[in-house]
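Residue numbers (the working numbering): 454 to 851.
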């Protein structure tokens, strides 16, 4: 049983030295409370930007541990109204009060992979879509995507986060007959459905303003032969497709998982890490796409890059390679796997890096939560980086 909407904040300290790069060779989303509340705004463009008040510039002893939880939050957890929505097993150890919980069916091999949308809806990897009341966890409505739209063509079950847009809940369905669908967020009835041969993906839908109009951007690419996929530009009100831009590796087992990143009024950045890397797509006034530049270096597999101040910041590959790229030209400014350390685990030293880390931009800096459980406050800029503070919250060996 998955436990949802748990009130907890975090956690432990880990001493470490700051250093500045990328030339200095010395030796997945964080939701933190560093002696004050930290809230995140769920934005339709999926850019992780905090609207919290000022954050301490350094953690002398690490962030204050307020509440901790074990074996929850397998993937990123949203926060709203002082509540964290989390997914995990029912026998988890939690040192904070569980406000409510609700069962969500899941395959034994995979945990819930999508984020609970504030309001709130959760999509399990078996395709069970459930709308819950945030206050008490009561089910408002529920449905099975495979039963309504057909079985999704995914390698690891459903994994894209639903998107709330106005009175609609937009879902990356990815079945043989339906690529994307919009439901009435109040009762789950279908508002529109759109078919496309590219099917679904693990990238979450995004709404962005292009040339003064709201457009739905869906980065597709499912379990199909030959492997095809790319970016669909759509009308979020009707589901009509304005245009398509192919961007998918010829590797059958490749997945498109990072969400599209809107970069101004006409450009959208896409990224994958199976050989193609990144591409900056520019739309004309008729919403027809054209590639402005490509970069095999800027390949982000799971973490959606952040566009800030004309620069794209992201993490590539499996080894925690941090990258900064000029959004206008595609020029790589710097890239470095700057965090590597050894920790004791079950009586022996283990080498760890950032791995599939996650970034959030907050209060003029970045929070980075590494796959192994290290939380860092970073100054990222076109000229390099600096670790401002660091704390080990936990060690996650799997």
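Note that CB positions come from ideal geometry on N, CA and C, so glycine has one too.
Keep in mind it's a predicted model, so treat the numbers as computed, not measured.
> Should residue 709 go down as buried or exposed, given a rule of 16 or more other Cβ atoms within 10 Å for buried?
Replying inline: As a working note, residue 709 is residue 256 in the chain shown. The residue is buried, with at least 16 neighbouring Cβ atoms inside 10 Å.
> Measuring CA to CA, which of 720, 803, 845, 638 is closest to residue 821?
Replying inline: Taking the chain shown and counting its residues from 1, the one referred to as residue 821 is at position 368. Residue 821 has its Cα closest to that of 845, out of 720, 803, 845, 638.
> What three-state label does DSSP hand residue 838 in the structure shown?
Replying inline: As a first step, residue 838 must be located in the chain shown, where it is residue number 385. The answer is strand: DSSP assigns residue 838 an E or B state.
>> Buried or exposed for residue 720, going by 16 or more other Cβ atoms inside 10 Å?
In response: In the chain shown, counting from the first residue as 1, residue 720 sits at position 267. So residue 720 ends up on the buried side.
>> For residue 606 and residue 676, which I take to be in contact (beta-carbon distance under 8 Å), what is that distance rounded to the nearest angstrom?
In response: On the chain shown, residue 606 is found 153 positions in, with the first residue counted as 1. On the chain shown, residue 676 is found 223 positions in, with the first residue counted as 1. Going by Cβ atoms, the distance from residue 606 to residue 676 rounds to 4 Å, so yes, they are a contact pair.
>> Are the CB atoms of residue 602 and residue 631 within a distance shorter than 8 Å?
In response: The residue labelled residue 631 in the question sits at position 178 within the chain shown. The residue labelled residue 602 in the question sits at position 149 within the chain shown. Contact: yes.
> Among residues of its own chain, excluding the 5 on either side of residue 763, which ones have a beta-carbon nearer than 6 Å to its beta-carbon?
Replying inline: Within the chain shown, numbered from 1, the residue matching residue 763 stands at position 310. 780, listed in sequence order.
> Among residues of its own chain, excluding the 5 on either side of residue 818, which ones have a beta-carbon nearer than 7 Å to its beta-carbon?
Replying inline: In the chain shown, counting from the first residue as 1, residue 818 sits at position 365. So the qualifying residues of the chain are 830, 831, 832, 841.
> What do you get for residue 655, buried or exposed, if any count of 16 or more other CB atoms within 10 angstroms of its CB means buried?
Replying inline: Stepping through the chain shown from its first residue, residue 655 is reached at position 202. With 16 or more other Cβ atoms within 10 Å, it is buried.
> If you drop the 5 nearest sequence neighbours on each side, which residues of the same chain put their C-beta closer than 8 Å to that of residue 716?
Replying inline: For the purposes of this step, residue 716 is taken as the residue at position 263 of the chain shown. So the list reads 722, 733, 760, 765, 780, once near-sequence residues are dropped.
> Should residue 701 be labelled buried (16 or more other beta-carbon atoms within 10 Å of its own) or exposed?
Replying inline: Within the chain shown, numbered from 1, the residue matching residue 701 stands at position 248. Result: buried.
> From this set, 753, 747, 712, 801, which residue's C-alpha is nearest residue 735's C-alpha?
Replying inline: Position 282 of the chain shown, counting from 1, holds the residue named residue 735. Residue 735 has its Cα closest to that of 747, out of 753, 747, 712, 801.
>> For residue 756 and residue 640, I'd like the C-alpha separation in whole angstroms.
In response: To locate residue 756, count along the chain shown from 1; it is residue 303. To locate residue 640, count along the chain shown from 1; it is residue 187. Each residue's Cα considered, the two are about 32 Å apart.
>> Let me confirm a value: residue 725 is counted as buried when at least 16 other C-beta atoms fall within 10 Å, else exposed. Which label applies?
In response: Your numbering for residue 725 matches position 272 in the chain shown. It counts as buried.
> Going by the beta-carbon positions, is the gap between residue 751 and residue 730 smaller than 8 Å?
Replying inline: For the purposes of this step, residue 751 is taken as residue 298 along the chain shown, with counting starting at 1. For the purposes of this step, residue 730 is taken as residue 277 along the chain shown, with counting starting at 1. Going by C-beta atoms, residue 751 is nearer than 8 Å to residue 730.
>> Please identify the residue among 849, 775, 816 whose C-alpha is closest to the C-alpha of residue 798.
In response: Working through the chain shown from its first residue, we reach residue 798 at position 345. That would be 849, whose Cα lies nearest to the Cα of residue 798.
> Which first and last residues belong to the beta strand (DSSP E) in which residue 791 is found?
Replying inline: Counting from 1 along the chain shown, the entry for residue 791 is found at position 338. Unbroken run through residue 791: none, as it is neither H nor E.
> Going by DSSP, what residues sit across from residue 645 in a beta bridge?
Replying inline: In the chain shown, residue 645 corresponds to position 192, counting from 1. Note: residue 645 sits in a beta bridge opposite 635.
> Got a sec, what are the start and stop residues for the alpha helix (DSSP H) residue 601 sits in?
Replying inline: If you number the chain shown from 1, residue 601 lands on position 148. Note, residue 601: alpha helix (DSSP H), 598 to 602.
>> Quick check on this structure: which residue in 657, 645, 629, 775 has the alpha carbon closest to the alpha carbon of residue 678?
In response: As a working note, residue 678 is residue 225 in the chain shown. Measuring from the Cα of residue 678, the nearest candidate turns out to be 629.
> In this structure, what does DSSP give as the bridge partners for residue 672?
Replying inline: Position 219 of the chain shown, counted from the first residue, corresponds to residue 672. The partner list for residue 672 (beta bridge, DSSP) reads 684.
> Is it buried or exposed for residue 662, if we count other Cβ within 10 angstroms and need 16 for buried?
Replying inline: Sequence index remark: in the chain shown, residue 662 carries index 209 (1-based). It counts as exposed.
>> Tell me the rounded alpha-carbon separation between residue 791 and residue 775.
In response: As a first step, residue 791 must be located in the chain shown, where it is residue number 338. As a first step, residue 775 must be located in the chain shown, where it is residue number 322. Each residue's alpha carbon lies about 7 Å from the other.
>> Only counting the same chain, and skipping five residues up and downstream in sequence, which positions put a Cβ closer than 7 Å to that of residue 593?
In response: By 1-based counting over the chain shown, the position of residue 593 is 140. Result list for residue 593: 584, 585, 586, in chain order.
> In chain order, what residues of the same chain lie with their CB nearer than 7 Å to the CB of residue 826, ignoring the 5 residues before and after it?
Replying inline: Within the chain shown, numbered from 1, the residue matching residue 826 stands at position 373. Cβ within range, chain order: 845, 846, 847, 848, 849.
>> Which residue marks the beginning of the beta strand (DSSP E) containing residue 720, and which one marks its end?
In response: The sequence position of residue 720 within the chain shown is 267, counting from 1. Residues 720 to 724.
>> Here's the rule I'm using: 16 or more other beta-carbon atoms within 10 Å means buried, otherwise exposed. How should residue 682 be labelled?
In response: Here residue 682 refers to the residue found at position 229 when the chain shown is read from its first residue. When all chains shown are included, residue 682 counts as buried.
>> Please report the straight-line C-alpha distance between residue 624 and residue 789, rounded to a whole angstrom.
In response: Taking the first residue of the chain shown as 1, we reach residue 624 at position 171. Taking the first residue of the chain shown as 1, we reach residue 789 at position 336. Going by the C-alpha atoms only, they are around 35 Å apart.
> Do residue 741 and residue 696 have their CB atoms nearer than 8 Å?
Replying inline: For this step, residue 741 is matched to residue 288 along the chain shown. For this step, residue 696 is matched to residue 243 along the chain shown. Yes. Within cutoff.
> Once you ignore the five residues that flank residue 626 on each side, which residues in its own chain have a CB closer than 7 Å to its CB?
Replying inline: Counting from one through the chain shown, the residue named residue 626 turns up at place 173. Cβ within range, chain order: 598, 602, 605, 632, 633, 634, 653.
>> Once DSSP output is grouped into helix, strand and coil, what is the label at residue 821?
In response: Taking the first residue of the chain shown as 1, we reach residue 821 at position 368. Residue state, collapsed to three classes: strand.
>> Let's see if you can read the secondary structure: which residues bound the beta strand (DSSP E) around residue 811?
In response: As a working mapping, residue 811 is identified with position 358 in the chain shown. Where residue 811 is concerned, the enclosing beta strand (DSSP E) stretches over 811 to 815.
> Could you check where the beta strand (DSSP E) with residue 625 kicks off and where it finishes?
Replying inline: The count along the chain shown starts at 1 and reaches residue 625 at position 172. Run containing residue 625: 621 to 625, per the beta strand (DSSP E) assignment.
> In three-state terms, what does DSSP make of residue 665?
Replying inline: Here residue 665 is taken as the residue at index 212 of the chain shown, counted from 1. If DSSP states are grouped into helix, strand and coil, residue 665 belongs with coil.
>> I'd like to know whether the C-beta of residue 773 is nearer than 8 Å to at least one C-beta of chain B.
In response: Within the model displayed, chain B is absent; a lone protein chain is all it includes.
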